[in-house]
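Colleague:
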Amino acid sequence: NKTNKLNFGEAAVVSGDGVVSTPLVKNDPPIFYYLTLEAFSVGKKRVEWTSEAGIEGNIIIDSGTTLTLLPYEIYTNLESAVVEQVKLDRVDDPNQIFSLCYSITSDDYDFPLITAHFKGADVQLHSINTFVKVADGIVCFAFQASKIGTIFGNLAQQNFLVGYDLQQNIVSFKATDCSKL
Numbered sequence: 027n028k029t030n031k032l033n034f035g036e037a038a039v040v041s042g043d044g045v046v047s048t049p050l051v052k053n054d055p056p057i058f059y060y061l062t063l064e065a066f067s068v069g070k071k072r073v074e075w076t077s078e079a080g081i082e083g084n085i086i087i088d089s090g091t092t093l094t095l096l097p098y099e100i101y102t103n104l105e106s107a108v109v110e111q112v113k114l115d116r117v118d119d120p121n122q123i124f125s126l127c128y129s130i131t132s133d134d135y136d137f138p139l140i141t142a143h144f145k146g147a148d149v150q151l152h153s154i155n156t157f158v159k160v161a162d163g164i165v166c167f168a169f170q171a172s173k174i175g176t177i178f179g180n181l182a183q184q185n186f187l188v189g190y191d192l193q194q195n196i197v198s199f200k201a202t203d204c205s206k207l
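Per the working numbering, the sequence shown starts with residue 27, numbered consecutively.
#1: How many whole angstroms separate the CB atoms of Ile177 and Ile86, which I take to be in contact at a CB cut-off of 8 Å?
#2: Taking the alpha helix (DSSP H) that Ser153 falls in, what are its first and last residues?
#3: Return the bridge partner residues of Thr141 from the DSSP annotation.
#4: Which residues in the same chain as Gln150 place their Cβ atom closer than 6 Å to its Cβ, once the five residues preceding and following it in sequence are excluded?
#5: Give the DSSP-derived three-state secondary structure of Ser129 in the structure shown.
#6: How many Å lie between Ala171 and Lys31 at the Cα?
#7: Give the secondary structure of Ile57 by DSSP, where H, G and I count as helix, E and B as strand, and everything else as coil.
#8: By Cβ distance, which residues of its chain are closer than 7 Å to Asn121, with the 5 residues on each side in sequence left out?
#9: By the 10 Å Cβ neighbour count, where 16 or more other Cβ atoms means buried, how is Thr156 classified, buried or exposed?
#10: Nearest to Ile100 by CA position, among Thr91, Asp133, Arg72, Gln184, is which residue?
#11: Does the distance from the C-beta atom of Asn53 to that of Gly83 stay below 7 Å?
#12: What does the alpha-carbon distance come out to for the pair Val39 and Leu61?
#13: First and last residue of the beta strand (DSSP E) that includes Val188?
#14: Would you kindly work out how many angstroms separate the C-alpha atoms of Leu114 and Phe124, rounded to a whole number?
#15: Within 10 angstroms of its Cβ, does Phe186 collect 16 or more other Cβ (buried), or is it exposed?
#16: Since Leu96 and Phe169 are thought to touch, with beta carbons under 8 Å apart, how far apart are those beta carbons, to the nearest angstrom?
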């Protein structure tokens with residue numbers, strides 16, 4: 027476990043090289059922060075946002091939800107793209123939570139880069155954001171199909187400075203090694 031900071035006001039501004047920003051969208055219920063996700067890419071393969079394409083505010087960004095939750099059709103297309111590129115042996119999740127898991131022999135396997143294409147902001151997700159170790163030698167894809175909502179969870183936000191600017195209605199992302207903050 028690591029301790030991180032939550033900054034407010036001027037100290038919360040995310041700026042500098044590598045910052046990307048996307049509009050905050052007003053949506054119901056108004057207790058959440060909504061963004062517009064247009065697609066994912068796994069390596070160079072683009073996975074379009076089919077069922078809700080063009081709908082503003084189609085995903086909630088939530089630091090209190092661990093996994094990234096997606097509509098079934100989008101999840102299955104994304105999972106298929108991951109399977110095409112990961113050349114490891116698939117295994118069952120011993121906890122029976124995840125549908126896509128792999129056997130690994132070391133913790134430094136180079137999983138494909140997955141990019142979340144938000145409106146105006148491409149956020150590149152590394153293996154720390156997309157796979158979670160569930161047992162010795164087993165990692166699972168940290169995204170799931172969901173009927174309850176579409177959420178960009180906190181694993182996907184690891185090692186990013188994430189700034190919410192409620193005056194300009196934008197969310198900004200900056201890749202950062204948070205262990206060095």
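Note that beta-carbon positions come from the ideal geometry of N, C-alpha and C, so glycine has one too.
Modeller: If we stick to the structure as given:
#1: Rounded, the Cβ-Cβ distance is 5 Å, consistent with contact.
#2: Element bounds for Ser153: 153–156.
#3: In DSSP, Thr141 forms a bridge with Ser67, Gln150.
#4: Taken in chain order, the residues that qualify are Leu139, Thr141.
#5: Strand.
#6: Spanning the two alpha carbons is a distance of roughly 31 Å.
#7: When DSSP states are grouped into helix, strand and coil, Ile57 belongs to the coil group.
#8: Short of 7 Å from the beta carbon of Asn121, and not among the five residues preceding or following it, lie these beta carbons of its own chain, in chain order: Val160.
#9: Under a 10 Å Cβ-count criterion, Thr156 is classified as buried, with 16 or more other Cβ atoms of the shown protein chains found around its own Cβ.
#10: It is Arg72.
#11: Cβ distance < 7 Å, so Asn53 and Gly83 count as in contact.
#12: Distance between the alpha carbons of Val39 and Leu61 is about 18 Å.
#13: Val188 -> beta strand (DSSP E) spans 186–191.
#14: Leu114 and Phe124 have their C-alpha atoms some 16 Å from each other.
#15: In the assembly as shown, Phe186 is a buried residue. Its beta-carbon has 16 or more other beta-carbons within 10 Å.
#16: About 6 Å; that satisfies the 8 Å criterion.
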